[in-house]
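Comments concern the structure below.
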Amino acid sequence: MNTSGLHSSQCSLVRGAPFWRPLRTPYALHISSRCRTQRFDTLPIYAGEVILEVKDLEAKVAESGQTILRGVNLTIREGETHAIMGTNGSGKSTLSKCLVGHPDYEVTSGSVTYKGQDLLSLAPEERARAGLFMSFQSPVEVPGVSNSDFLRLAANARRKQLGQEELGPLEFYGYVMPKLAALKMSPDFLNRDVNANFSGGEKKRNEILQLSVLEADIAVLDEIDSGLDIDALRDVADAVNSLKRPNSATLMVTHYKRLLNYVVPEAVHIMEAGRIIYSGGLEVADILESDGYEGIKSRMREEAEKQPVGAT
Ligand SMILES: Nc1ncnc2c1ncn2[C@@H]1O[C@H](COP(=O)(O)OP(=O)(O)OP(=O)(O)O)[C@@H](O)[C@H]1O
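When you line the sequence shown up against the UniProt record's numbering, it's residues 1 to 312, in that order.
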């Protein structure tokens, strides 16, 4: 199969491509960059193991050397859904792409631990085989490669990694049909070339179909809600929810709370100038919706004033 037109992480599998349990104990969420961490003792903690830990991550555009990420800290546990919101250009997509090993970016310092292993030492295809999936804001079109071939090869690469039997064309058909039905996608999608001449909404559904077929352990969904009409948003959200497992996690990048009404996150993070500057629960998205980023800043100022003198 010619996969030359595919993005490296998207075709990586082809080349080789919440449930939650709340406890009322303190939950440390990072607020404001590398030097300051604030504890929110009122937030619930989730009992799952840490699946992804990003520490002081800094990254630049490989070609220009422009620094984009300036010390991102993020901890995600199994069973959790996290949302990252933030102004245009704050680095949300760059963070997502650094996680999957996009070649346009170079990590200059910090670490990312995924299921206890150093994620940054893995090639993009190894990350994908290990269960990391990213849906792209603008999924690429791959004329000449059918969706069914692409999905089956990707699914088999992942199954091989998991020690499962690979699926032949007929078995794969039986495997994928219920997934198509769950996404309210026509079986015709299988015969079409990957994303070629798909509408924006069809591309987004197709991304979730890939996630569904790959049964990823962590799904990084970059603006999966953009361009979707309200019914499509519900379908996609239902599919994302149905794919959650106790030992998997979801990281969503979005600008709008409407997605979070359907796929409800345990934590919402605000990104600005390459850092997560504020984290909290769903109320953070409410503040954003009602008062914009100025509302978040004013909340931060209020909380800083309440901090005991000398607290870090
Ligand atoms: N490959 C690249 N080459 C040059 N500049 C880049 C590249 N990727 C990202 N940038 C720049 O880095 C900054 C962050 O971009 P990024 O796409 O991560 O932002 P974002 O928070 O996802 O924005 P949006 O909400 O608009 O999608 C922007 O100024 C962007 O122009």
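Note that the Cβ used here is the ideal one computed from N, Cα and C, for glycine as well.
Which residues DSSP lists as bridging residue i, in chain order
i	result
residue 317	Nothing about residue 317 can be reported from this structure: the residues present for the chain run from 1 to 312 only.
GLU58	ARG70 and SER109
SER146	ASP193
HIS269	ILE84 and SER279
SER242	In DSSP, SER242 forms no bridge with anything.
ALA219	PHE133 and THR250
TYR293	Looking at the DSSP assignment, TYR293 forms no beta bridge with any residue, so it has no partner.
TYR114	LEU52 and GLN117
Residue i to residue j span [Cα, whole Å]
i	j	result
VAL72	LYS160	33 Å
HIS102	ILE51	20 Å
GLU303	THR67	29 Å
GLY65	ARG158	34 Å
GLY131	GLU266	21 Å
TYR278	ALA239	29 Å
GLU126	ASP291	42 Å
GLU53	SER111	8 Å
SER32	THR81	With a pLDDT of 35 at SER32, under the threshold of 50, the predicted position of this residue should be treated as unreliable, though the coordinate-derived value follows. Going by the C-alpha atoms only, they are around 20 Å apart.
GLY168	ARG152	8 Å
LEU74	LEU57	9 Å
LEU170	GLN137	32 Å
GLU305	ARG299	10 Å
PRO178	LYS184	10 Å
LEU209	ARG301	42 Å
LYS92	ALA59	12 Å
VAL176	GLU63	39 Å
SER248	GLY79	5 Å
ARG275	SER109	14 Å
LEU214	ALA154	7 Å
Residue i versus the options, residue with shortest Cα-Cα distance
i	options	result
LYS297	LYS257, VAL284 and ASN191	VAL284
ALA83	GLY281, ARG127 and PRO143	GLY281
HIS269	PRO124, LEU288 and GLY144	LEU288
VAL61	MET85, GLY86 and LYS97	LYS97
residue 313	VAL253, LEU57 and LEU99	Past the edges of the chain, shown from 1 to 312, lies residue 313, and the structure says nothing about it.
ARG245	ASP56, ARG70, ARG77 and VAL54	ARG77
SER242	HIS255, ILE230 and VAL264	VAL264
LEU228	LEU120, LEU209, LYS203 and SER248	LYS203
ASP217	LEU162, HIS255, ASN195 and ASP231	LEU162
ARG258	PRO308, GLU223, LEU99 and LEU122	GLU223
ASN191	GLU207, SER146, PHE198 and ARG234	SER146
Nearest-angstrom beta carbon gap, residue j and residue i [assumed within contact, 8 Å]
i	j	result
LEU211	SER135	6 Å
LEU251	VAL220	5 Å
GLY86	GLU272	6 Å
GLU141	ALA196	5 Å
Residue i: CB within 8 Å of a non-hydrogen atom of ligand 1
i	result
ASN88	yes
GLU223	yes
GLY163	no
LYS92	yes
GLU82	Position check: residue 82 holds His in this sequence, whereas Glu was assumed. Checking every heavy atom of ligand 1 against the Cβ of HIS82, none is found closer than 8 Å.
HIS269	no
ASP149	no
ILE68	yes
SER298	no
SER135	no
GLU58	no
GLU63	yes
ASP99	According to the sequence shown, residue 99 is Leu rather than Asp. Flag unset: Cβ of LEU99 not near ligand 1.
ASP104	yes
Any C-beta of chain D under 9 Å from that of residue i
i	result
GLY280	The displayed structure is made up of one protein chain only, and chain D is not part of it.
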